[in-house]
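What follows is a set of notes on a single structure, which appears directly below.
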Amino acid sequence: MSARVGVAILIAIGVCAALVGLGVWWRWPLIIVFVLLVAGSVRRVAPLPATGYKLPAIFFYAATLVLLIGYALFATLAPPSEFDFLADWGAKGRAFWEARAIDWRFLETATYRATHPDYPLLVPLTFDAVAVVRGAWDARLLGMVNVVFAAALLLVVHGVALAELRRRDAAAFIAFAVLPLAAVPWIGIGEGAFIAYGTAALLLIRRGDVLAGAVLLGLAASSKNEGLALIVAAALALVVARRARDVLRLWPAAVIPLPWLILRWMHALPTDVATGNVLSRMFDHLRDPAVFVELARYPLGKPLFWLGLLAGVWFARREKFVLTAIGLQLLFYLAAYLATPHDVAWHVKWSWERLIAHLAAPLAVVVLINLLRDALDERRALY
Amino acid sequence: MRARTQRGDVVAIAAAFPESHPAYEYLYSRALYPLAGRAVVLSSKMAQANVIAAYRAAPVVPGFTEVWRGRDGVVLRRTR
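Note that the protein sequences, when read in sequence, are chains R and V. Per my numbering, the first sequence runs over residues 1 to 383. Per my numbering, the second sequence runs over residues 1 to 80.
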């Protein structure tokens, strides 16, 4: 059930953001829609026949809850201070709040690269939904958006792990282990939403729940432009995983971001990476090793974490769909750096760690599920 | 600045450095959030503005009067 509740929360956030975008700036409709969508997922179903030790399971559930509470305190300690919140996500949300509508003039006159007028609006409109429910623009409260996305993703991860491993202690451990990847340090910007939607989408599609996964993919593409690349990566990965028939079932992923793409085109909101002669820039950057020098220069978090994760990929080698999708997405990110019209060093410095964080969560989940499954199988064989 | 401007004001961001300088880009982008509800324009579009927010500068602009002065700059408002 936890996966269903997590998915419902993620979809409910998207629906509420869309309602605000459509002009529903009233508190009660948003609250009712959110509650109905989430409550609708809490149906009584026969519990999965799960086993496992009770005490470790309780420990990991409690530890996850305590850490989430800590994350909530961190996220709401002060108004978000990320530059991208002030120049982009928060600035848009607040401009729309002031106008009580999507402020197209604001987007059309956004002069500098930091404001990214072409970015999809799910996150700023979610901020507005929070402000509508709160009755005021309360920047500190917006940090809770990060917390809800992280919690929803952990519910999905827990549900997927429980369905596969049939052990509560193992599922609780995986949710606990993935928490640092879901609870991103970047408060008030699009990363938390994108990681939640993208990771949950890949996990559901991997399990065969293509329709729900496709909806979440569409919402990932409504959170950040990288989501459009993730749709392509997921479709190609399905082909590689010999599930080509499922590609057509991804149609919601294409339909959900479509209105924004049309509006973006109608209002001539430029995408910086796509401006000018993209191919020429890519060839120029390929001839110059600066991109790769910069990529090597900036840390991607803890080296031991990555060593462990990459070693674990061996145990997850059967995961053709997720590994291919992640690999292709990484290639798309590298291509974006090659195509950047900005200073490469600047672009890499301010985005590389965040982009890699997009890939770490789904990779960690499939590695942990496979590691634990192998360990549990070996243990069963021994006894 | 937010307290010294009103919704609908058109605020030009002025500074001691040119628009092409990265510091100006930072200053302008950083001003968008606190000035939400106002139109924030570049210093080159001062003719459109009824308010000028000058950072670490005190420009004298015909048609504008200084209405506030602080350690980090001045605010000018259009008088005609």
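Ideal Cβ positions, reconstructed from N, Cα and C, are used throughout, including at glycine.
- For phenylalanine 305(R), the enclosing alpha helix (DSSP H) begins and ends at 303-312.
- Between alanine 220(R) and arginine 249(R), the C-beta gap is not smaller than 8 Å, which leaves the two residues out of contact.
- Non-local beta-carbon contacts of glycine 188(R) in its own chain, meaning distances under 7 Å to residues more than five positions away in sequence, involve Pro80, Glu82, Phe85, Trp89, Gly90, Leu142 and Gly143 in chain order.
- The closest CA to that of alanine 57(R), considering only Asp374(R), His158(R) and Leu307(R), is found on His158(R).
- Between tyrosine 55(V) and chain R, the shortest Cβ-Cβ separation is not below 8 Å.
- For a Cβ distance threshold of 8 Å, nothing in chain V lies close to tyrosine 119(R): the least Cβ distance comes to about 14 Å.
- Among the residues facing chain R, serine 43(V) is not included, as its CB has no counterpart in that chain under 8 Å away.
- Listed along the chain, the chain R residues whose CB falls inside 7 Å of the CB of serine 29(V) are Ala87, Tyr112, Ala114 and Thr115.
- With the criterion set as a beta carbon lying under 8 Å from some beta carbon of chain V, the members of the region 90-105 of chain R are Gly90, Ala91, Arg94, Ala95, Trp97, Glu98, Ala99 and Arg105, in sequence order.
- Within 10 angstroms of the beta-carbon of isoleucine 69(R) lie fewer than 16 other beta-carbons, which makes it exposed.
- If you look at arginine 77(V), you'll find it in the beta strand (DSSP E) that goes 73-78.
- Taking one beta carbon from each stretch, the region 13-23 of chain V and the region 48-56 of chain V have 3 or more pairs nearer than 8 Å; the two touch.
- Segment contact: the region 322-329 of chain R against the region 228-238 of chain R, three or more CB-CB distances shorter than 8 Å; contact assigned.
- Each residue's CA atom was taken as its position, placing serine 222(R) and arginine 166(R) some 33 Å apart.
- Taking a C-beta distance under 8 Å as the contact criterion, isoleucine 13(R) and threonine 111(R) do not qualify as a contact pair.
- In this chain, the alpha helix (DSSP H) harbouring phenylalanine 96(R) covers 90-99.
- According to the DSSP secondary-structure assignment, valine 61(V) is paired through a beta bridge with no residue.
- Proximity of alanine 36(V) to chain R, defined by a Cβ-Cβ separation below 8 Å, is satisfied.
- If you compare the alpha carbons of Ala114(R), Arg134(R), Arg100(R) and Arg105(R) with that of isoleucine 31(R), the shortest gap goes to Arg134(R).
- If you check each beta-carbon in the region 1-15 of chain V against every beta-carbon of chain R, the ones closer than 9 Å belong to Arg7.
- In the DSSP secondary-structure assignment, alanine 57(R) is not bridged to any residue.
- For leucine 76(V), the closest Cβ of chain R is not nearer than 8 Å.
- The three-state reading of DSSP puts tryptophan 28(R) in helix, counting H, G and I together.
- Our two residues, methionine 46(V) and glycine 37(V), have alpha carbons roughly 18 Å apart in a direct line.
- Beyond the five residues adjoining it in sequence on each side, alanine 150(R) comes within less than 8 Å, by CB distance, of Leu68, Tyr71, Leu179, Ala182, Ala183, Val184, Gly192 and Ala196 in the same chain, given in chain order.
- Rounded to whole angstroms, the separation of the alpha carbons of arginine 69(V) and alanine 58(V) is 9 Å.
- Using beta-carbon distances, glutamate 25(V) counts as an interface residue toward chain R, with a partner under 8 Å.
- With a contact defined as Cβ atoms closer than 8 Å, alanine 200(R) and glycine 6(R) qualify at about 7 Å.
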